[in-house]
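Trainee: Here it is, the structure, as structure tokens.
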Amino acid sequence: MPSLSELIRDHAPVLLLDAASLRSQVGLFAADGTARWETQTGEAGVAIFRCVDRLGVDLATVRAFVFCEGPGSTLGIRNVAMALRTWQTLSPRPAFAYGSLDLIAHAIGAPATAIIADARRDTWHYQRLGQPLRRVATAELAAPLLTPADFRNWTPLPADVATTPYDVVALLARTPEAALFRAVEAPEAFLHEEPSYATWSPHIHRAPTPGA
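Numbered per the working numbering, the sequence shown finishes at 229, counting up by one with no gaps.
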């Protein structure tokens with residue numbers, strides 16, 4: 018898994034899009050490592066494109082995409098994934114995904130601290146430095162706990178959780194050499210497991226038989 022420094026070295030200009038939080042954050046990295054950023058609040062399907070427009074991005078010159086696959090706002094992340102798949106169809110180029118909680122864990126650098134985000138139904142996405150992301154029930158959580166600011170939650174936050182800013186610019190500045198990114202063929206939102214569907218056998222509706 019490459020680091021941000023390696024991605025810039027091998028693929029610049031690189032366009033990064035993160036809509037995991039209530040703020041859409043977009044950055045354009047040049048070959049010399051400098052970056053320009055734009056942040057917008059509001060509906061991600063509008064905000065990410067407004068960021069790209071305000072940065073004056075020439076998509077024809079972008080050689081690779083980087084995006085946050087989650088956890089976070091599933092709708093926002095899927096809007097980003099849809100945009101990337103469209104741009105890749107118009108001009109094939111690689112895409113690299115990173116995890117929001119994994120980024121925070123590396124930036125914080127505290128192995129004992131768990132970074133959590135709401136996974137609904139009284140469960141939480143749970144990330145510790147150097148460990149795989151997993152889903153745990155509220156009753157299994159134990160301090161120290163951190164949760165990113167500007168992330169939605171439906172389950173009440175645990176009483177002993179602290180918040181940490183989800184500022185992608187600052188987080189990446191602290192982790193330029195961390196191996197956080199993985200190549201993906203089809204950008205999509207993170208799932209703990211693939212969805213399963215029950216089979217259904219269609220039946221022709223018939224009127225009840227008299228006397229039955």
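The C-beta atom is built at its ideal place from N, Cα and C for all residues, glycine as well. Remember, predicted model here, so these are calculated numbers, not experimental data.
Does the region 55-74 come close enough to the region 118-138 that 3 or more CB-CB pairs lie under 8 Å?
Mentor: Result no; under three Cβ-Cβ pairs closer than 8 Å.
Trainee: Assign Gln148 to buried or exposed, taking buried as 16 or more other Cβ atoms, counted over all protein chains shown, within 10 Å of its Cβ.
Mentor: Gln148 should be labelled exposed.
Trainee: Would you call Arg137 buried or exposed, if buried means 16 or more other Cβ atoms sit within 10 Å of its Cβ?
Mentor: Result: exposed.
Trainee: Measuring straight from C-alpha to C-alpha, what distance separates Arg110 and Ala100?
Mentor: Approximately 13 Å, taken between the alpha carbons.
Trainee: In whole angstroms, what separates the C-alpha of Pro30 from that of Thr58?
Mentor: The alpha-carbon atoms of Pro30 and Thr58 are separated by roughly 25 Å.
Trainee: When the Cα atoms are used, what is the spatial distance from Asp75 to Ala166?
Mentor: Each residue's alpha carbon lies about 31 Å from the other.
Trainee: Taking buried to mean at least 16 other C-beta atoms within 10 Å of its own C-beta, is Glu202 buried or exposed?
Mentor: So Glu202 counts as exposed.
Trainee: Tell me which residue opens and which closes the beta strand (DSSP E) that Ala44 is part of.
Mentor: Going by the sequence as given, residue 44 is Gly instead of Ala. Where Gly44 is concerned, the enclosing beta strand (DSSP E) stretches over 40-46.
Trainee: Quick one: using the 10 Å Cβ neighbour count with 16 as the cut-off for buried, is Thr251 buried or exposed?
Mentor: There is simply no residue 251 to check, as the chain begins at 18 and stops at 229 in what is shown.
Trainee: Let me know the beta strand (DSSP E) ranges lying completely inside the region 39-122, each 3 residues or longer, listed in chain order.
Mentor: 40-46, 52-58, 81-87, 112-116, all fully within the region 39-122.
Trainee: Taking 8 Å as the cut-off, does the region 21-29 touch the region 168-177 (at least 3 CB pairs, one atom from each stretch)?
Mentor: Judged by Cβ distances under 8 Å, the region 168-177 makes no contact with the region 21-29, as fewer than three pairs qualify.
Trainee: Look at Ala114 and Phe207 and say whether their C-beta atoms are less than 9 Å apart.
Mentor: Cβ distance < 9 Å, so Ala114 and Phe207 count as in contact.
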